[in-house]
Structures are given as structure tokens and as C-alpha cells.
């Protein structure tokens, strides 16, 4: 074991460019973050910030039009250097994915049992009855009542929440070390969402899976994440433990996001804070803060020099020339 | 004063699907009522019934005293300038082949309000009210962002100065920072123009931000109606309690200390809703009676809240719903 | 397992008007479609300007120069009456393109309103569907022969027969689009704004169905041109001496051994034109169809 290998996943300077009709788009701009074994890390941002692209880039799931650079070290191996066959073995066995829309990820003409069984057979070489038994255990693990009966049902017979549970069961069938969950509860109702978040917690406790949670929902982050990385316009702009991030957001954008959400715990009077302007779509990485045009604190430095990802006044990483020092009032 | 909207025993069935199954709700003049429910509760169908975008099966929808529930589409058309609706999806709620100016002016043109010149002036005025620059009149919807499109939708809805606005999840498809600006805008317009608003959403936080009263819907029926402060401080119906406890609060210090009620099972099918209280199959505190008798929506407590639950006393005392109690699953 | 996030913005844009120019740009990036478009434009120009371009009138006979193979004087050779084949192909092209365009126009004029009504009013749907079924069950050639018997063989007869035969396809496309668009929120918003059915159909549904109809038309025009060729070949189309590509093939049939060029040039013209239209149509469909996800 070489030093620093207490990290399960280490992403360094990940950059993703897409060639589109309207020219190149820089989707991820030198993003760096790390994830320890069994840790729950949330990658937070609004649409177009690059969080989903980052998740897909980890195991080479992006379309061919994407140019990916940077280092992605998973359990000591550099993933971009691996052949597609190797990657395929890692996908599903060591790194599993759960996406937002469970219906499109399930095969409508196969029973739930067949689909979970297939994963077990492919990756673990299990036989028919063993696979069936294990599939029922998995359904029980993700909180599906009467698992044996559910095995014989088709995806359309299940509710959205049940389908997402089935997806999670399939994802964790091989006890992956990392579960990448891309907006897993966005399409679901809050009462169902609460159950899915509980399932993620259970998995972590029972099989020690680390979770990379991609979400835009700060409520979900507050509920489950240990650490949070905030992304904006392709860059990671703040990284902190969840409590610290919510109590002492240092980047004006993070602070803006927190103030934009109606929060029953902090009765905002006189309206919600708005963030003027829109997220920029960039072709190249500017020598400037990408948030400068929307930021009330921006000055000449912000517009001409790229801020580094460094420790701010609150003691955690922030990419800002003028990080905020004032904590959020309780 | 006659309330702006009075829904009486409204029923809407789509074939065997009992989407709305006897709902009564009032929205006073200039009042914002939040209608909260999860998918399948029938809240959007209720909104479409109120604006008569779908035919009503039975019941009354009185707008400023006049029942429009069963009027013919022809008879309805001249009355439509008084009530209107804004939809959720900004990508499908504007005609991609019309300019923003034409979109906003359409209700004015259809109701023959004003001359071409006054309509143009009105469009510019409306754009200003929703916070858009005048030069977007000649733009097409695809040239605008999601938040800007919702502003155009609002301008169109308000162009004929309606007295009732039904807002069907107007912020759900937007990014967090954009949601804030649209919520602020709806609040400001409502205060400035004084229309009544039925604000339909699954997002409790935005209801708490905007509404004066809140109605909670479950499987085609209302289970609780209360003033905002009362409902959020002391929800009475077990479903309302579960819903409130499930919505995460964006603050880990608060959220992680909360007691959460996790409901087991799924929302039953509206084709064959459970007998008795429709929530009893998932209710952690249900008793035998709940599976038999339908609880009426009745006034409880001193502030005039309405709750449909056998276990809530007349003085407003509600059952303590304890966390994560697996309710018996009554088949699939 | 790939994600469509990046393509959705694209595909949404494909459904809106400012993007039609963009769509055309996208078509031209597809080399086959671009070649198709060039061939179509050249053919249409040649057909329109036949009077100016053609070196001879199409009916000028010259018995001294009958059945000559291609030469600098007669690029495509001459027929048994000594008529210049190049000139006749140009005029034949005009007839073919004319029939193609007019018959498609006819099918649109009848099919679009029926399709709109069928998709918009549920109670009319079964009636119109029966009508389409009946039309589909009626063989195209039988229809053409019947019409020719009544009206006499002519270009108009061919146009009507082909147009009528294409009506069901237009109804089907229009009806499908109407059903889809009827469910859009902007249609509901127009109803809420006080719009009647006429406004809904005219302003909100028809303009948004146009893309699908353009695509259908690019399929129908070459089919109509082939149909005209078939009808003229069978003697149900344009009457001599007026040239049409199909008619030229028909009269050249018996002379194939003595003058193969008489078959080759009109035949190649038909093949090239329909192929080019199909290639361009395919490219256009890919560029306009939002469901077509490109990588």
C-alpha cells in the first residue's frame, strides 16, 4: 500500500470538453476531489455545472465526442488508462451507478428477478437458484416488502419508488465499493425520497459502500452527505464537511444557493435572495472567477485572475478571491 | 364577500380512475391557498378542473359566485378572462412558433380587449412587471432560459387581469436559484395585483413561503386544510405529519436532529381506493375503524382548521405519529 | 448506459423555428444529403429553365438525323423521329417535377385538414380512419386506370391519381402530430386564454406540425415522380408528343436494341432525381426530428 491510498477515489484535475455544433463546450474544468472508503460525498450544483458529466467520466461512460483529461485513481488504479474491457469489469462490480429515471434503466420485458439474477450471474458466476435467493436478499436489503413475490413482477407493475429500489438492489448486487447515485430521488415524492435515502444509509452500514451523490437538492445534502463539493460552471468551488458548508459557506455562490431555498428553519422575511444572471457556457477556461459576473463582491482581480482552490477563513477549501467570513445566522 | 373560488364537492373520474373524488375548497379574494400533494394525489387534475381544461364529472366550481363546472365550452369562453393557469414545464408551455409578444397578447386578442396599439403597450407593461426587458417581444421561446419562459407564462396568464390564477407547480422544473426569483415574482405580483391564487405544488417550502392557507391532498381527497402557520407548526393529519417530516430541511444541524416518519408501501391505485380512510393502508397509527368509516373533513381546534381523521379530537388534539413503524402491507 | 443530458438542449431546439436555418446547416453537413440537395436544385432549375437551356424544341423532328447515338450536337442522341433527346429529357423533367409537386400539393390540401380534424375531434376519428382505410385498400393503378377512363389520360389525370393515392399518408402524419400537440401545455394555455378550436388548430397545432409534414413531403415527391413514370409508361399519363420521363421510357422500350441511349438517359434521370430527393429527405428528417438522437 502506497501512501495516500486510504482514499478510495481520487480525482485530480479532471477536465471534460465536448465538441458540439456551436463549438467546444468546457463541461468540467480541472475538477479535483477525493472520496474515502464508506464515505458519503455529495457533488452539488445546478444544471449545467458539470456534476453529472463528472460522474460519468469516472468510468468512461461519456460519449465519444467528449475529450477527457486528468487523473482518476480508484483503489490505486488509474481508470482512464484502463482498456474498455477492464473498465467494464470495474463498472457494476466495483463502481455501480444509479440514475434519476429508473424506468428507462430497467428492461420492461424481463422480470425483476431475471434482471437482478443476470447481474449476479455475469459478475459473480452464480447459478440459477443461488442467484434467485441472493436477489430476494437484495430486495429485502433495499426495503422491498414480500421480496419473493416481487421477483416475479415486471418493472411496470412497480411504483417509481419501488423501481428505484430495484435499481439500487441491482447496483449493489456485487457489493461495489463505490455507488454513484445521480439524482436518485429527483423524480420521486418526498415521502418516497426519505425511504430511498434510508436505503443508502443502510447500504453504507451493511456493506460499507461509499456513495458519490450527485444532486441539486440541498435538503438531500443536509440529510445524508458527510462532505460536500459544490460545482459551478465546471469548476469545483467549495468543499467542506456538510455542517461547515451550511453554517459557514465561504463562496458567494454557495451562500447564494442557500439563501435562494425557502427554508422553514430560517424564516426569511421579505423574500428569497436571488442570484442575478445565468450560468455561463464556456468554451475555454477563463483566467478569472467564472462567477464574477453574477457576484456582488467581484472586483478587478476576480475578472482577470483565476482563483485557486485554497483554504478559506472557515478552514475549508474555497475557490474565491474574497471568501465570505460571516457565518449564516442561525 | 363572495370568495373568488369556491369548489364544492368536485368529482373528476377518468374512466375508472377516480382522480378527484369529492373536493371542497375555497379561495378568498386576494388569498393564496397552497394545494399540496404527491404524485397521484389528483392535485393537478383539480387545477385543470378549476380552469375547465378537462370536463368536470360532477360538483361545482364557482368563480366569483358563478358556477362554471358544467358550462359548455362555448359559453365558457367569454368568462375565461377571469381565471387562468400557469404550468410547470417551461419547455412545453409556450408555442415555439410564436413570438413572446404574440404569446402574451393572445388572451387580449381573443377577448378583444383594447386596440392593437393598446395591446402592444400592455405587453410592454406586463413584461416590465414580470422583470423582462421590452426587447424580448420579438424573441421566440427557445431563445429564453427556463426562468424567463416562466415569466412569459405569468405575463400571458395575467394579461387579461384575471381574478384567479391557478399555478400548477410553476417552479418545479427550474433550478434552485431560478426558483427563488420566480417564487418572489409570484408573491410580488399577487400583492401588487391582488388576484387570488391556487398554488399547486409538491414542495412544502414554497407553500410556506407563499400561501396563507394550505390544503393537503391524498388520493383524490383533501385530508387537511389549515392556516399556514398552524399547519406547519402543528400538522394534525397523520399524512400531513409524515409529509412534513419527510421533506428535508436544507440545514444539516436541523435535519439530522429531526424525527422522521417513514411511510411504508405505495400510494394505492386511484382505480380502487381503499375503503374507509384512504390513508389507512399506510397510516402508522390507523385503528380498525379507519378501514371502515370514511372520515369527514370536519372543523377541529380553535382556529377553524379542517381535518379528515378519526383520531384527531374536536379540540384539535392530534395523534402522535411515531417514527418508522412498518404498517402492515395489505397486498400490492 | 450513456446520458442524453447534452443532447436534450439540441433536440429541443430542433423543434423550433429559428432553428430551421440551423437544421438546414445540419443537413448540409451530411455529405449525402448535401449532394442530394445540389442534384435536386440543378434538376429543378433545368426543368424550370428548359425553354432557355434546351438546344432544340422538344417536338422538332429531323428525319435525317433519326436514332443517332450521343454526339456533340445531340448530347443524349436522338430518337426515331430525330428529336433531340437532351431537350426532351429537360422537358420531361419539367413534367415529372410538375406532377411530383402538384400531386403532393393536392394530397396536402386534402390530407392536412382531414388529419387535423381526425386528430382533434375524437368522434370524427373513426369516420376518417375508415376513409383512409378504403383509400389504402384501393390499388393505386386501378384508381389511375379508372380516372384515365373517365377523364382521359393526361398529366392532370396522373397528378390526381397520384395525389389521391398519397392522401392517407398525409392524414396519418397530420393526425399523429395533432394528437401529440393537442397534449402540449401551450395548447391548454391557449384554451385557458379563451381560444376556440379554430385558433387552436390554426395557430397552435398546424404551425408546429409543419416539420413533420415537410419530412413526409420529401418522401412523397420522389414517390410521385416514380408514380408518374409508371403511369406514363403505361400510357395513362402525358400524351405524345409532350415528353415525360416515364413516357420516353415507354416509347423507347421497343427501340432498346437500336438505341439503348433512349432508355438510358431518361432512366438515369429518374433514378438520379428520386435518389437525390430521398437522400435530401433523409438528411432533413434527421435534422428536424427531435426524437433522432445524434452522437
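Residue numbers (our numbering), protein chains in the order written: chain A, 462 to 791; chain B, 1060 to 1391; chain C, 1191 to 1485.
Every residue, glycine too, gets a C-beta built ideally from N, C-alpha and C.
Of the listed residues the options, nearest to residue i (C-alpha basis)
{"i": "residue 1107 (chain B)", "options": "B:1355, B:1228, B:1234", "result": "B:1228"}
{"i": "residue 1249 (chain B)", "options": "B:1317, B:1213, B:1128, B:1263", "result": "B:1213"}
{"i": "residue 1311 (chain B)", "options": "A:724, A:717, A:746", "result": "A:724"}
{"i": "residue 1133 (chain B)", "options": "B:1154, B:1144, B:1111, B:1148", "result": "B:1111"}
{"i": "residue 1095 (chain B)", "options": "B:1216, B:1166, B:1261, B:1115", "result": "B:1261"}
{"i": "residue 1361 (chain C)", "options": "C:1318, C:1409, C:1214", "result": "C:1318"}
{"i": "residue 498 (chain A)", "options": "A:613, A:570, A:535", "result": "A:535"}
{"i": "residue 1082 (chain B)", "options": "B:1101, B:1075, B:1154", "result": "B:1101"}
{"i": "residue 1233 (chain C)", "options": "C:1280, C:1252, C:1211, C:1247", "result": "C:1280"}
{"i": "residue 1321 (chain B)", "options": "A:655, A:625, A:530", "result": "A:655"}
{"i": "residue 664 (chain A)", "options": "A:590, A:629, A:777, A:562", "result": "A:629"}
{"i": "residue 1406 (chain C)", "options": "C:1337, C:1441, C:1387, C:1294", "result": "C:1294"}
{"i": "residue 1408 (chain C)", "options": "C:1447, C:1427, C:1476, C:1365", "result": "C:1476"}
Same chain, Cβ closer than 6 Å to residue i, neighbours up to 5 away in sequence not counted
{"i": "residue 558 (chain A)", "result": "641"}
{"i": "residue 1191 (chain B)", "result": "1210"}
{"i": "residue 1322 (chain C)", "result": "1358, 1361"}
{"i": "residue 1481 (chain C)", "result": "Unreliable placement is indicated for residue 1481 (chain C), whose pLDDT of 42 sits below 50; the coordinate value is still reported in the next sentence. Around residue 1481 (chain C): no qualifying Cβ."}
{"i": "residue 1085 (chain B)", "result": "1062, 1065"}
{"i": "residue 608 (chain A)", "result": "597, 600, 601"}
{"i": "residue 1428 (chain C)", "result": "1285, 1345, 1422, 1434, 1437"}
Residues near residue i in its chain [Cβ-Cβ closer than 8 Å; skip 5 each side]
{"i": "residue 1256 (chain C)", "result": "1268, 1269, 1270, 1271, 1272"}
{"i": "residue 744 (chain A)", "result": "484, 485, 486, 487"}
{"i": "residue 1198 (chain C)", "result": "Low confidence applies to residue 1198 (chain C): its pLDDT is 33, below 50, so where it sits in the model is not reliable enough to give any reading."}
{"i": "residue 668 (chain A)", "result": "633, 636"}
{"i": "residue 749 (chain A)", "result": "763, 764, 765, 766, 767"}
Sub-8 Å separation of residue i and residue j beta-carbons
{"i": "residue 695 (chain A)", "j": "residue 490 (chain A)", "result": "yes"}
{"i": "residue 599 (chain A)", "j": "residue 633 (chain A)", "result": "yes"}
{"i": "residue 1222 (chain C)", "j": "residue 1473 (chain C)", "result": "yes"}
{"i": "residue 1229 (chain C)", "j": "residue 1459 (chain C)", "result": "no"}
{"i": "residue 1380 (chain C)", "j": "residue 1394 (chain C)", "result": "yes"}
{"i": "residue 574 (chain A)", "j": "residue 546 (chain A)", "result": "no"}
{"i": "residue 689 (chain A)", "j": "residue 682 (chain A)", "result": "yes"}
{"i": "residue 1356 (chain B)", "j": "residue 1345 (chain B)", "result": "no"}
{"i": "residue 1265 (chain B)", "j": "residue 1242 (chain B)", "result": "yes"}
{"i": "residue 1335 (chain B)", "j": "residue 1313 (chain B)", "result": "no"}
{"i": "residue 1109 (chain B)", "j": "residue 1120 (chain B)", "result": "yes"}
{"i": "residue 1280 (chain B)", "j": "residue 1326 (chain B)", "result": "no"}
{"i": "residue 1226 (chain C)", "j": "residue 1469 (chain C)", "result": "yes"}
{"i": "residue 528 (chain A)", "j": "residue 511 (chain A)", "result": "no"}
{"i": "residue 691 (chain A)", "j": "residue 506 (chain A)", "result": "yes"}
{"i": "residue 1222 (chain B)", "j": "residue 1141 (chain B)", "result": "yes"}
{"i": "residue 623 (chain A)", "j": "residue 580 (chain A)", "result": "no"}
{"i": "residue 1423 (chain C)", "j": "residue 1445 (chain C)", "result": "no"}
{"i": "residue 509 (chain A)", "j": "residue 722 (chain A)", "result": "no"}
{"i": "residue 1162 (chain B)", "j": "residue 1154 (chain B)", "result": "yes"}
{"i": "residue 1338 (chain C)", "j": "residue 1324 (chain C)", "result": "no"}
{"i": "residue 501 (chain A)", "j": "residue 687 (chain A)", "result": "yes"}
{"i": "residue 1377 (chain C)", "j": "residue 1390 (chain C)", "result": "yes"}
Assumed close pair residue i, residue j - CB separation to whole angstroms, cut-off 8 Å
{"i": "residue 1048 (chain B)", "j": "residue 1253 (chain B)", "result": "What the structure shows of chain B is the stretch from 1060 to 1391, and residue 1048 (chain B) is not part of that stretch, so it cannot be assessed."}
{"i": "residue 1417 (chain C)", "j": "residue 1352 (chain C)", "result": "4 Å"}
{"i": "residue 1372 (chain B)", "j": "residue 1359 (chain B)", "result": "7 Å"}
{"i": "residue 1309 (chain C)", "j": "residue 1372 (chain C)", "result": "7 Å"}
{"i": "residue 1292 (chain C)", "j": "residue 1349 (chain C)", "result": "5 Å"}
Residues near residue i in its chain [Cβ-Cβ closer than 7 Å; skip 5 each side]
{"i": "residue 1267 (chain B)", "result": "1287, 1291"}
{"i": "residue 513 (chain A)", "result": "643, 675"}
{"i": "residue 1485 (chain C)", "result": "Unreliable positioning characterises residue 1485 (chain C) in this predicted model, as indicated by a pLDDT of 30, which lies under 50. The coordinate reading is nonetheless provided below. Counting only Cβ-Cβ distances below 7 Å, and skipping sequence neighbours, we find nothing."}
{"i": "residue 520 (chain A)", "result": "540, 548, 551, 552, 556"}
Closer than 7 Å: residue i CB and nearest the ligand SAH heavy atom
{"i": "residue 1302 (chain C)", "result": "The ligand SAH is absent from the structure shown, which contains no ligand whatsoever."}
C-beta neighbour in chain E for residue i, strict 8 Å
{"i": "residue 739 (chain A)", "result": "The structure shown contains no chain E; the protein chains it does contain are A, B and C."}
(message) Report the start-end ranges of each beta strand (DSSP E) in the stretch 1068–1130 of chain B that is 3 residues or longer and not cut off at the edges.
(response) Runs found: 1076–1086, 1091–1095, 1117–1122.
(message) What ranges does the alpha helix (DSSP H) occupy inside the stretch 1364–1395 of chain C, keeping only unbroken runs of at least 4 residues that lie completely in it?
(response) Complete alpha helix (DSSP H) runs here, min 4: 1375–1382.
(message) Could you tell me which whole alpha helix (DSSP H) segments of length 4 or greater appear in the stretch 573–623 of chain A?
(response) 573–585, 589–602, 608–612
(request) Could you pull out every unbroken alpha helix (DSSP H) segment of at least 4 residues lying fully inside the stretch 699–734 of chain A, listed in chain order? (result) 703–708, 713–721
(request) For the stretch 1206–1250 of chain C, list the alpha helix (DSSP H) runs that are entirely contained and at least 4 residues long, ordered along the chain. (result) 1209–1219, 1221–1238, 1240–1243
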